[in-house]
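Visitor: For what it's worth, our numbering labels the leading residue of the sequence shown as 3, then goes sequentially.
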Amino acid sequence: MEMNFTKMHGLGNDFVVIDAVRQHVSLTPERVRFLAHRRTGVGCDQVLLVEPPADPQRAAFRYRIFNADGNEVEQCGNGARCFAVFVREAGLTEATVIPVETAAGIITLQVQGDGQVTVDMGPPRLEPWTIPFEAAAAAPTHTLQVGGETLEIGAVSMGNPHAVVVVEDVHKAPVERLGPLIERHPRFPRGANAGFMEVVSRERVRLRVFERGAGETLACGTGACAAVVSGQLQGLLDRQVAVDLPGGRLVIEWAGREDAPVLMTGPAQSVFTGRIQL
Ligand SMILES: N[C@@H](CCC[C@H](N)C(=O)O)C(=O)O
Numbered sequence: 003m004e005m006n007f008t009k010m011h012g013l014g015n016d017f018v019v020i021d022a023v024r025q026h027v028s029l030t031p032e033r034v035r036f037l038a039h040r041r042t043g044v045g046c047d048q049v050l051l052v053e054p055p056a057d058p059q060r061a062a063f064r065y066r067i068f069n070a071d072g073n074e075v076e077q078c079g080n081g082a083r084c085f086a087v088f089v090r091e092a093g094l095t096e097a098t099v100i101p102v103e104t105a106a107g108i109i110t111l112q113v114q115g116d117g118q119v120t121v122d123m124g125p126p127r128l129e130p131w132t133i134p135f136e137a138a139a140a141a142p143t144h145t146l147q148v149g150g151e152t153l154e155i156g157a158v159s160m161g162n163p164h165a166v167v168v169v170e171d172v173h174k175a176p177v178e179r180l181g182p183l184i185e186r187h188p189r190f191p192r193g194a195n196a197g198f199m200e201v202v203s204r205e206r207v208r209l210r211v212f213e214r215g216a217g218e219t220l221a222c223g224t225g226a227c228a229a230v231v232s233g234q235l236q237g238l239l240d241r242q243v244a245v246d247l248p249g250g251r252l253v254i255e256w257a258g259r260e261d262a263p264v265l266m267t268g269p270a271q272s273v274f275t276g277r278i279q280l
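#1: For the alpha helix (DSSP H) containing Gly276, list its first residue and its last residue.
#2: Going by beta-carbon coordinates alone, are Gly156 and Pro134 separated by less than 9 angstroms?
#3: Between the region 86-103 and the region 69-77, do at least 3 Cβ pairs fall closer than 8 angstroms?
#4: Around the C-beta of Asp47, are 16 or more other C-beta atoms found within 10 angstroms, so that it is buried, or is it exposed?
#5: Just to confirm my understanding: we take Ala137, look at its own chain, exclude 5 residues before and 5 after, and list those with CB closer than 6 angstroms. What are they?
#6: Which residue or residues does DSSP assign as beta-bridge partners of Ala165?
#7: Grab me the residues of Thr219's own chain with a C-beta within less than 7 angstroms of its C-beta, minus the 5 sequence neighbours each way, in chain order.
#8: Are Ala262 and Val119 touching if we call contact CB-CB under 9 angstroms?
#9: Please list the terminal residues of the continuous beta strand (DSSP E) segment that includes Thr145.
#10: Can you tell me whether Arg210 is helix, strand or coil according to DSSP?
#11: When we look at the beta-carbon of Arg83 and count the other beta-carbons within 10 Å, is it buried (16 or more) or exposed?
#12: The beta strand (DSSP E) with Asn80 in it runs from where to where?
#13: Looking at the C-beta of Gly72, does it have a partner C-beta in chain B at a distance below 9 angstroms?
#14: Which of the three DSSP states, helix, strand or coil, is assigned to Glu185?
#15: What does a CB cutoff of less than 7 angstroms around Ile109 pick up in its chain, not counting 5 residues either side in sequence?
#16: Within the present structure, is the beta-carbon of Ala216 separated from the nearest heavy atom of ligand 1 by less than 8 angstroms?
#17: Is the region 196-211 close to the region 232-250, with three or more CB pairs under 8 angstroms?
#18: From Leu238, Leu128, Glu96, pick the residue whose C-alpha is nearest to that of Ser159; which is it?
#19: Count the other C-beta atoms from every protein chain shown that fall within 10 angstroms of the C-beta of Phe7, then say buried if there are 16 or more, exposed otherwise.
#20: Would Met199 be called buried (16 or more neighbouring beta carbons within 10 Å of its own) or exposed?
#21: When the Cα atoms are used, what is the spatial distance from Glu255 to Asp240?
#22: Does the count of Cβ pairs from the region 159-173 and the region 185-198 closer than 8 angstroms reach three?
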């Protein structure tokens, strides 16, 4: 099978984006791993598949997300912004407000005049069973034993599971050592993305994320949303927060109520297009 693809990134979190509206594409975990491989494939953190929607009344497209390890996952914030730019550049839509189906539900994307994209990611999920995370009840932080250490973590789902750890200095955070242990911690039955957040002020944080199924990335959109939600729940952050990731800045806004949506604004960029034999 041969197919066209576009290489894109959002703050260095990179994607192979595939149009499955105009071409027939069949992905398997092996094919995803091949595409994602940085030496023998195209190279990316996630593969994004753009498909026709299941319910055209509610959304114009469906967008599916596969981590570099081959597993399909529920949500991807940087990927959502790239999806919005992709469908417009590919001529699949001229709309600037684009509702899209994801495995975690419908989210709505708005392409701004300056090319930035704002994503309404929907409300965070905080009840442990929705994350899923093993705990008796929702709480601003939970105690987690990891690698012989006792951590206080925030547990938040943005459609996908996140653990957020507040650290003194993000540059010295034990991302490589504790990231993989949190990712596979037994209290996260479906795994977790592990965010390490340094609070600079009530309006600004620094964040590094060890992503489930991809390792540390230059930016994680859902990770930024989860970090701001967790920081607000701990009383550390205001409503709108600039999140500085290794790849650049996202602006996250949350009104602090469980039913309030999290809004994420940031860039999305096409890099090149190609054709590949699978
Ligand atoms: N890079 C993404 C998140 C991609 C999925 C994540 N690794 C998971 O397994 O949940 C983002 O920008 O949100």
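C-beta: ideal position from N, C-alpha, C; glycine also.
Guide: According to the structure shown:
#1: Here Gly276 belongs to no alpha helix (DSSP H); instead the beta strand (DSSP E) covers 271-279.
#2: no
#3: no
#4: buried
#5: Pro130, His144
#6: Ala157, Ala196
#7: Asn15, Asp47, Val211, Glu213
#8: no
#9: 144-148
#10: strand
#11: buried
#12: Premise fails: Asn80 lies in the alpha helix (DSSP H), 79-91, not in any beta strand (DSSP E).
#13: Protein chains in the displayed structure number just one, and chain B is not present.
#14: helix
#15: Ala82, Val102, Val121, Asp122, Met123, Gly124
#16: yes
#17: yes
#18: Leu128
#19: buried
#20: buried
#21: 9 angstroms
#22: yes
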